[in-house]
Amino acid sequence: MSTNKVIHALYNDDDILMDAVKKVRGEHHHIEEVYTPFPVHGLDKALGLAPTRLAITAFLYGITGTSIAIWLTWYTMIADWPQDIGGKPSFTWYENMPAFVPILFELTVFFAAHLMVITFYMRSRIWPFKEAENPDPRTTDDHFLMEIPVHDNEEDLKALLETTGAVEIKVVDKH
Numbered sequence: 001m002s003t004n005k006v007i008h009a010l011y012n013d014d015d016i017l018m019d020a021v022k023k024v025r026g027e028h029h030h031i032e033e034v035y036t037p038f039p040v041h042g043l044d045k046a047l048g049l050a051p052t053r054l055a056i057t058a059f060l061y062g063i064t065g066t067s068i069a070i071w072l073t074w075y076t077m078i079a080d081w082p083q084d085i086g087g088k089p090s091f092t093w094y095e096n097m098p099a100f101v102p103i104l105f106e107l108t109v110f111f112a113a114h115l116m117v118i119t120f121y122m123r124s125r126i127w128p129f130k131e132a133e134n135p136d137p138r139t140t141d142d143h144f145l146m147e148i149p150v151h152d153n154e155e156d157l158k159a160l161l162e163t164t165g166a167v168e169i170k171v172v173d174k175h
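In the working numbering, the protein residues as written are 1 to 175.
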């Protein structure tokens, strides 16, 4: 197992953090990770992260739920056990579709919501009993931490980070 040196720069304001991220990226340094106590609007764009494709998966999961709902209503009410309810026979699915709208809607939402939660947890590598990867407990309260890998430029990075308004800068070995 190898160890890598990283610099942890702590900030106590999200606006100062955003300016620091822009300045560090402007100097062509790679920011490994930023830990924040709450979502910071625009941070993903400032870090140069690619847009998420989770919306596409949500749409596909919704379509899956709708398809299963269509099959379920057809099979249970038309094919397997057709019933004459109130003198209205159910011989075709499309004639009875208005009665199936709540089922279609609910299964669409059910599949999209539940499968998105599972996808999010798998994509984020969050699962039950996973040990926290938080490098500093203050980032869950009121501080922001920027993590930058060190590649024989430790002094230059420290000097740069001191100009960005960091309240604390420390070099640590990341395992």
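Glycine included, every Cβ here is placed at the ideal spot set by N, Cα and C. As the structure is a computational prediction, the values presented were derived from the model and not from experiment.
Nearest in C-alpha terms to Tyr61, of all of Glu155, Pro149, Tyr11, Ile118, is Ile118.
Runs of the alpha helix (DSSP H) lying entirely within the stretch 118-173, each at least 4 residues long, are 154-162 in chain order. The Cβ neighbour count for Phe111, taken over all protein chains shown within 10 Å, is at least 16; the residue is labelled buried. Per DSSP, reduced to three states, the secondary structure at Asp14 is helical. At the C-beta level, Gly48 and Met18 stay beyond 8 Å of one another. By the CB criterion at 8 Å, Leu145 and Pro135 fall inside the cutoff.
Pro149 is positioned such that its CB atom lies closer than 8 Å to that of Glu32. Counted as a single uninterrupted DSSP element, the alpha helix (DSSP H) harbouring Tyr61 occupies residues 54-74. Within its own chain, the residues whose Cβ lies closer than 6 Å to the Cβ of Ala58, once the five positions on either side in sequence are excluded, are Ala112, Met116, listed in chain order. If you draw a straight line from the Cα of Lys170 to the Cα of Gly65, it is about 50 Å long. Closest in C-alpha terms to Leu104, from the list Asp173, Gly165, Ile63, Ile16, comes Ile63. Each of Val172, Gly86, Ile78, Tyr121 was checked against the Cα of Phe100, and the nearest Cα belongs to Ile78.
If you draw a 10 Å sphere on the C-beta of His114, you find fewer than 16 other C-beta atoms in it, and that means exposed. The continuous alpha helix (DSSP H) containing Asp44 extends over residues 43-47. A straight line joining the alpha-carbon of Trp71 with that of Ile85 spans about 20 Å.
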